[in-house]
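S.K.: Can you read through this structure? Questions will come right after.
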Amino acid sequence: GENVEQHPSTLSVQEGDSAVIKCTYSDSAPNYFPWYKQELGKGPQLIIDIRSNVGEKKDQRIAVTLNKTAKHFSLHITETQPEDSAVYFCAASMDSNYQLIWGAGTKLIIKP
Amino acid sequence: EADIYQTPRYLVIGTGKKITLECSQTMGHDKMYWYQQDPGMELHLIHYSYGVNSTEKGDLSSESTVSRIRTEHFPLTLESARPSHTSQYLCASSEGAHTGELFFGEGSRLTVL
Chain A
1 GENVEQHPST LSVQEGDSAV IKCTYSDSAP NYFPWYKQEL GKGPQLIIDI
51 RSNVGEKKDQ RIAVTLNKTA KHFSLHITET QPEDSAVYFC AASMDSNYQL
101 IWGAGTKLII KP
Chain B
113 EADIYQTPRY LVIGTGKKIT LECSQTMGHD KMYWYQQDPG MELHLIHYSY
163 GVNSTEKGDL SSESTVSRIR TEHFPLTLES ARPSHTSQYL CASSEGAHTG
213 ELFFGEGSRL TVL
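Chains as they are written, first to last, in my numbering: chain A, 1 to 112; chain B, 113 to 225.
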């Protein structure tokens, strides 16, 4: 069935460096790829999303890229700051009802 | 700031008790969801609703039940709690199929002794 694999499960980077989280999907036709950030003790919150007709989208220090040929999409965070420490989830929407298939999450740790 | 609220935030109960986790949203969203999140982080959809009187089971089998009598309210009930039900339960809502964004509550952390 549909599956989204997310790597790495834990990522530790020095403050100011860049962080990249990658997800791959197995279904042939997802059309929506959101990224959510979950801070400790809170629910996930959408930080950026991309649709299948776009290859890249940027919002300040955050960017998402989509490679439909290779069936993967990635989250890029530049100039990381302590407040970027959180768990990040990728997801993909596999049907017209937009039921999301979630990745397993990446715990991002920003070292001071 | 999302207008979706969950109560209680934390609950510790004994085995066999009946519990109801409350979820309310003031955004007028038709779609609502319940996710179960284990300490290992993964999110598992256990119930969803596309509107009043509509409820469906999600990908993860759950002994809980839900109801959707009002648009803004989507409570989850466990008739007889067991230690295996210990988890975090997250409620979410979305405007509709073309928006995609889910708005999550802060979660209800349930511990069954």
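Ideal Cβ positions, reconstructed from N, Cα and C, are used throughout, including at glycine. Everything numeric in this text was worked out from a predicted model, so none of it was measured.
#1: So if DSSP puts A/Pro116 in a beta bridge, which residue, or which two residues, is it bridged to?
#2: Short of 9 Å Cβ to Cβ, which residues in the segment 74-88 of chain A face chain B?
#3: Any residues in the segment 29-49 of chain A with a beta carbon nearer than 9 Å to a beta carbon of chain B? Which ones, in chain order?
#4: Would you mind reading off the limits of the beta strand (DSSP E) that contains B/Met153?
#5: Does the contact criterion of 3 or more C-beta pairs under 8 Å hold for the segment 98-111 of chain A versus the segment 20-35 of chain A?
#6: Do B/Leu225 and B/Ile125 have their beta-carbon atoms positioned less than 9 Å apart in this structure?
#7: Pair every Cβ in the segment 180-195 of chain B with every Cβ in the segment 157-167 of chain B, then say whether three or more of these pairs are closer than 8 Å.
#8: If we cut at 9 Å on Cβ distances, does A/Lys57 have a partner in chain B?
#9: What is the DSSP secondary structure of A/Asn59, reduced to helix, strand or coil?
#10: Mapping DSSP to helix, strand and coil, what is B/His141?
#11: Which two residues bound the contiguous beta strand (DSSP E) that contains A/Ala70?
#12: Who are the Cβ neighbours of B/His210 in its own chain at under 8 Å, not counting the five residues just before and after it?
M.R.: According to the data block:
#1: This structure does not reach residue 116 of chain A, given that chain A is present from 1 up to 112, and the question cannot be answered.
#2: Within the segment 74-88 of chain A, the residues whose Cβ lies closer than 9 Å to some Cβ of chain B are Val87, listed in chain order.
#3: Of all residues in the segment 29-49 of chain A, Tyr32, Pro34, Tyr36, Gln38, Gly41, Lys42, Gly43, Pro44, Gln45, Leu46, Asp49 have a Cβ within less than 9 Å of some Cβ in chain B.
#4: Unbroken run through B/Met153: none, as it is neither H nor E.
#5: When Cβ pairs closer than 8 Å are counted between the two stretches, the segment 98-111 of chain A is seen to touch the segment 20-35 of chain A, the count reaching three or more.
#6: The beta carbons of B/Ile125 and B/Leu225 sit closer together than 9 Å.
#7: By the Cβ criterion, the segment 180-195 of chain B is in contact with the segment 157-167 of chain B, since at least three pairs of Cβ atoms, one from each stretch, lie closer than 8 Å.
#8: Taking Cβ atoms only, chain B never reaches closer than 9 Å to A/Lys57, which makes this a no.
#9: First, the residue type needs correcting, since residue 59 of chain A is Asp and not Asn in the sequence shown. Three-state DSSP puts A/Asp59 in a strand.
#10: If DSSP states are grouped into helix, strand and coil, B/His141 belongs with coil.
#11: Unbroken run through A/Ala70: none, as it is neither H nor E.
#12: For B/His210, the predicted model reports a pLDDT of 48, less than 50, meaning its position is unreliable and no value from the coordinates is stated.
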